[in-house]
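Residue 1 is where the sequence shown starts when you use the UniProt record's numbering, and the numbers rise one by one after that.
Structure first, then comments.
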Amino acid sequence: MSESDQKALEVIASSSQRFGLKLYKILRENPGNVFFSPTSLEVVLALAHMGAKGKTAEEILAGLELPNDANLVKSGYNAIMKSLRSTGDMTLEIANKVYSEQTFSVEQEFQLVAEKSFLAAAENVNFIGNPEGSRVVMNSWVEKQTHDKIKDLFGKGDITPDTKMVLINAVYFKGKWKHQFDPSKTSKEPFYITASQTKEVDMMHIKKKFGYLELEDLKAKLLVMPYIGDSMFMVILLPNEVDGLQEMEKKLHSINIADLMKRADHVEVEVTLPRFKIETTIDLVEPLQKLGVRSMFDPEFADFSGISKEKGLYVSKVVQKAFIEVNEEGSEAAAATGLAIMLCSLVIPPVPEVFRADHSFIFFLMNGVTLSALFQGLVTFSD
Numbered sequence: 001m002s003e004s005d006q007k008a009l010e011v012i013a014s015s016s017q018r019f020g021l022k023l024y025k026i027l028r029e030n031p032g033n034v035f036f037s038p039t040s041l042e043v044v045l046a047l048a049h050m051g052a053k054g055k056t057a058e059e060i061l062a063g064l065e066l067p068n069d070a071n072l073v074k075s076g077y078n079a080i081m082k083s084l085r086s087t088g089d090m091t092l093e094i095a096n097k098v099y100s101e102q103t104f105s106v107e108q109e110f111q112l113v114a115e116k117s118f119l120a121a122a123e124n125v126n127f128i129g130n131p132e133g134s135r136v137v138m139n140s141w142v143e144k145q146t147h148d149k150i151k152d153l154f155g156k157g158d159i160t161p162d163t164k165m166v167l168i169n170a171v172y173f174k175g176k177w178k179h180q181f182d183p184s185k186t187s188k189e190p191f192y193i194t195a196s197q198t199k200e201v202d203m204m205h206i207k208k209k210f211g212y213l214e215l216e217d218l219k220a221k222l223l224v225m226p227y228i229g230d231s232m233f234m235v236i237l238l239p240n241e242v243d244g245l246q247e248m249e250k251k252l253h254s255i256n257i258a259d260l261m262k263r264a265d266h267v268e269v270e271v272t273l274p275r276f277k278i279e280t281t282i283d284l285v286e287p288l289q290k291l292g293v294r295s296m297f298d299p300e301f302a303d304f305s306g307i308s309k310e311k312g313l314y315v316s317k318v319v320q321k322a323f324i325e326v327n328e329e330g331s332e333a334a335a336a337t338g339l340a341i342m343l344c345s346l347v348i349p350p351v352p353e354v355f356r357a358d359h360s361f362i363f364f365l366m367n368g369v370t371l372s373a374l375f376q377g378l379v380t381f382s383d
């Protein structure tokens, strides 16, 4: 990777974390578990931005916290698309697709950017004559890209004869822990939903060397658990107190996960972690509007003249479905967003650190190459 591409990647990764934490804060307004892919949403919005003009373009940039430098943004996302690849040890796939109404005239420059910078395949479909058939085609593509984990990204009625273009990103990860949990040590134990309310869950146990860091400012601990291949990591932020989640969340904006990963000491840790599975469907129109991205949803004010010279183009829907399962062997995670239009210093303490995730915690699935969070979530067991 060239030096300029590396710099672009770092800028995008930094923007990505800020955007992910802002979006997390909004999604947290609803009770229960949280799980989403900041990367999947960003890629789709960044691609839409390439065809946006005026206020529409400005709002998308500001919402994503991206610099006003189209070449840098293109280089950064191109580097991400090329970096997120499977190895012999794990499966990691990211794909973009642009579906256009077959009679719709798309600007050649936008087509080139989508294809070259975002590696997006293009396909013409018959939205006007067969919106339901087009919906089935798009959902099938998503299902295939996510190994059957994300089904029916678009529901009945989402695609109409008025649909002109649909931008889709799908991301999928499946990896085994570098240090796997012994299933025979998994047992039913209480998980604290609140200080006084518990729920019995399957708790996994392991004692190994992991990246570990105590964060005094956040009153929390950080754990870095590698997957085989050392290119993907689960990073867990655990409040010190059973009811310390909200206090920790107030200070999330002040941290940089990639920096904390580098600072973590490689020490022996007794880890207790619940098995969990989360599936979410998120309508992202309102959260994006709360982040200041408004014009693109307004038929009167949206300006996508870089996509097509046809008047009245606007975004009618942004939806993401996401899935994660974490068990003794490892993790499997997938997300799809549709937009219709390492470890250092060997310090060995005499007593192992204890990391007992028996209360609400935040987690990130980090890619070691891009240093960005492919997935982000909150485990509460409260729903």
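Don't be surprised by glycine CBs; every beta carbon is placed ideally from N, CA and C.
Spatial distance of residue i from residue j (CA atoms)
i           : j           : result
residue 343 : residue 241 : Caution is warranted here: a pLDDT of 30 is assigned to residue 343, below 50, making its placement in the model unreliable, and the coordinate value is therefore given only provisionally. Cα-Cα distance, rounded: 26 Å.
residue 297 : residue 312 : 11 Å
residue 270 : residue 208 : 7 Å
residue 79  : residue 18  : 19 Å
residue 143 : residue 168 : 12 Å
residue 124 : residue 99  : 6 Å
residue 219 : residue 248 : 7 Å
residue 121 : residue 358 : 44 Å
residue 352 : residue 57  : 51 Å
residue 87  : residue 197 : 42 Å
residue 371 : residue 315 : 30 Å
residue 111 : residue 145 : 21 Å
residue 265 : residue 255 : 17 Å
residue 304 : residue 221 : 45 Å
Integer Cβ distance of residue i from residue j, believed to fall under 8 Å
i           : j           : result
residue 119 : residue 90  : Contact flag wrong, Cβ pair sits at about 20 Å.
residue 238 : residue 355 : 7 Å
residue 230 : residue 188 : Rounded, the Cβ-Cβ distance is 32 Å, inconsistent with contact.
residue 321 : residue 128 : No, residue 321 and residue 128 are not in contact; Cβ-Cβ is about 26 Å, not under 8 Å.
residue 199 : residue 191 : 5 Å
residue 64  : residue 15  : 6 Å
Residues sharing a beta bridge with residue i, DSSP
i           : result
residue 141 : In the DSSP output, where bridge partners are listed per residue, residue 141 has none listed.
residue 204 : 273
residue 316 : In DSSP, residue 316 forms no bridge with anything.
residue 3   : According to DSSP, residue 3 bridges with nothing at all.
residue 239 : 220
residue 209 : 268
residue 174 : 91 and 332
residue 77  : Answer is none; residue 77 lacks a bridge partner.
residue 9   : Bridge partners of residue 9: none, in fact.
residue 283 : 319
Within 8 Å, strictly: CB atoms of residue i and residue j
i           : j           : result
residue 43  : residue 374 : no
residue 154 : residue 165 : no
residue 226 : residue 328 : no
residue 236 : residue 363 : yes
residue 232 : residue 365 : yes
residue 175 : residue 377 : no
residue 48  : residue 339 : yes
residue 102 : residue 126 : yes
residue 274 : residue 202 : yes
residue 341 : residue 107 : no
Nonlocal neighbours in the same chain, by C-beta distance under 8 Å from residue i, ignoring five residues either side
i           : result
residue 283 : 317, 318 and 319
residue 289 : 297
Cβ neighbours of residue i in the same chain (closer than 7 Å, five flanking residues each side left out)
i           : result
residue 77  : 12, 43, 46, 117 and 118
residue 380 : 32, 33, 193 and 360
residue 263 : 213
Own chain residues within Cβ distance below 6 Å of residue i, not counting five before or after
i           : result
residue 55  : 295
residue 268 : 209 and 352
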